[in-house]
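For reference, the structure discussed in these notes is given below.
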Amino acid sequence: MDWSADTLKAKAKLYGQRAHEQQIESAQFGFWMSLCLELLARAALAKLHPVLLADPRDEGNIHYSFGIIPKGNVRSVQAKTVFARCSIFVPGYTDKMSAHCLILADRRNRELHTGVAAFEGHDASTWLPQTYGVMEVLLKYLDDDFTGLFGNEQARVAQMMLKDRRSQTKSEVQSKIAAARKAFETLNGQEKSERASKAQEMLVSWVAKSALRKATKCPSCGFNAALSGESQNRGPVQIDEAAATITREVRVLPHALTCPTCGLKLDGYQELLEANLGQIFTTVEEEDPIEFFGIVPEEHVDVDALVRRYHEDEYNNE
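Oh and the sequence shown: position 20 is 85 in my numbering, straight run, nothing missing.
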């Protein structure tokens, strides 16, 4: 099957090799790397099941993913759908990674379908480290690595670039923490107390609004800070008939921290990882019974009668 993980990964390897036959700053290098990245993402989805690649608008595409050859050409989902699904199914693949992949995919589309030289003039240092970071996550899910994809020499380059990127990120995170701590320490005792009191009150309200948030100790000032993330997966539904609630456990990959007390802000999973705040956390979200069961209130309530009754009550109260 054309959508098998092995076939797609083999093609990604071919395109990766073609990329590295070019100069790293050339447009051809960026073009082939964008194709290599998308094929790795498709291979990751196909490893779980090829049906994740099938365009659902034609059931023949779905049949094909199960080995049944339909009439006509089969179609797979667009790149943006592939990257979005990776953020759901591939551990460690974040929404920020999906956004990076979409930028490269858009650049590739403009290269192929317009008169724009979309890959010209882009310094590799502005996009290649992030691309290697996404590839590393996808390759891990595919039980592979850079050596298997590029060969020994280019694998060392990729690993060195990622090491440098992480070292730079670590230095930036340490600087952010130190700057926030220094600014907070310049406040007098009363100012610290007043700010902390207001901030913690706001934090409780903010966290309560979403299951993808929690309070955690700020690495700068020690007070609680707001940690938010994106859903990795959800557990089975728990229905409590006595309390009339529907809940489920949510596993959240953190991607941002904001401290309302000292002002520290960390953005992205990698920055949180360097601050020892990158661990997946679990929370509980409550489902709306109407949405969960697909209830249409209008089918169970006479809206016109309610409107008439409302106006009658208004008239009688005058």
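Just so you know, even glycine gets a beta-carbon here, dropped at the ideal spot from N, CA and C. Please read these numbers as outputs of a predicted model, since none were measured by experiment.
Three-state class that DSSP yields for residue i in the structure shown
i: residue 251; result: coil
i: residue 141; result: strand
i: residue 305; result: strand
i: residue 120; result: coil
i: residue 153; result: helix
i: residue 126; result: helix
i: residue 326; result: coil
i: residue 115; result: helix
i: residue 344; result: coil
i: residue 262; result: helix
i: residue 384; result: Residue 384 lies beyond the residue range present for the chain, which begins at 66 and ends at 383; the question has no answer from this structure.
i: residue 277; result: coil
i: residue 242; result: helix
i: residue 332; result: strand
i: residue 136; result: coil
Cα-Cα separation between residue i and residue j, rounded to whole angstroms
i: residue 310; j: residue 304; result: 6 Å
i: residue 299; j: residue 87; result: 43 Å
i: residue 349; j: residue 81; result: 42 Å
i: residue 266; j: residue 327; result: 14 Å
i: residue 313; j: residue 352; result: 8 Å
i: residue 117; j: residue 110; result: 6 Å
i: residue 221; j: residue 331; result: 29 Å
i: residue 127; j: residue 74; result: 21 Å
i: residue 186; j: residue 203; result: 27 Å
i: residue 278; j: residue 347; result: 10 Å
i: residue 214; j: residue 79; result: 8 Å
i: residue 155; j: residue 280; result: 26 Å
i: residue 106; j: residue 70; result: 10 Å
i: residue 158; j: residue 251; result: 39 Å
i: residue 268; j: residue 302; result: 28 Å
i: residue 188; j: residue 91; result: 9 Å
i: residue 219; j: residue 83; result: 12 Å
i: residue 322; j: residue 264; result: 14 Å
i: residue 292; j: residue 284; result: 12 Å
i: residue 212; j: residue 205; result: 12 Å
i: residue 192; j: residue 282; result: 33 Å
i: residue 318; j: residue 297; result: 6 Å
i: residue 131; j: residue 122; result: 16 Å
i: residue 77; j: residue 207; result: 12 Å
i: residue 162; j: residue 168; result: 10 Å
i: residue 175; j: residue 145; result: 15 Å
Buried versus exposed, by CB contacts within 10 Å (16 or more), residue i
i: residue 253; result: exposed
i: residue 225; result: exposed
i: residue 344; result: exposed
i: residue 325; result: buried
i: residue 139; result: buried
i: residue 294; result: buried
i: residue 113; result: exposed
i: residue 232; result: exposed
i: residue 236; result: exposed
i: residue 217; result: exposed
i: residue 164; result: exposed
i: residue 143; result: exposed
i: residue 95; result: buried
Any chain C beta carbon closer than 8 Å to residue i
i: residue 325; result: Here chain C cannot be found, since the structure has a single protein chain.
Would the region 133 to 150 and the region 178 to 198 be scored as touching if the rule is three or more Cβ pairs under 8 Å?
The answer is no - the region 178 to 198 does not touch the region 133 to 150, with fewer than three Cβ pairs under 8 Å.
Any chance you could list the alpha helix (DSSP H) runs of at least 4 consecutive residues sitting entirely within the region 157 to 220, in chain order?
Qualifying alpha helix (DSSP H) stretches, in chain order: 160 to 178, 193 to 206, 211 to 215.
At least 3 beta-carbon pairs within less than 8 Å: the region 228 to 244 vs the region 333 to 340:
Flag = yes, the region 228 to 244 and the region 333 to 340 touch.
With three or more beta-carbon pairs closer than 8 Å as the criterion, would you say the region 193 to 208 touches the region 94 to 107?
Verdict: yes, contact present.
Taking only runs of the beta strand (DSSP E) that begin and end inside the region 70 to 105, which ones reach a length of at least 3 residues, in chain order?
Given a length threshold of 3 residues, the region 70 to 105 has no whole run of the beta strand (DSSP E) inside it.
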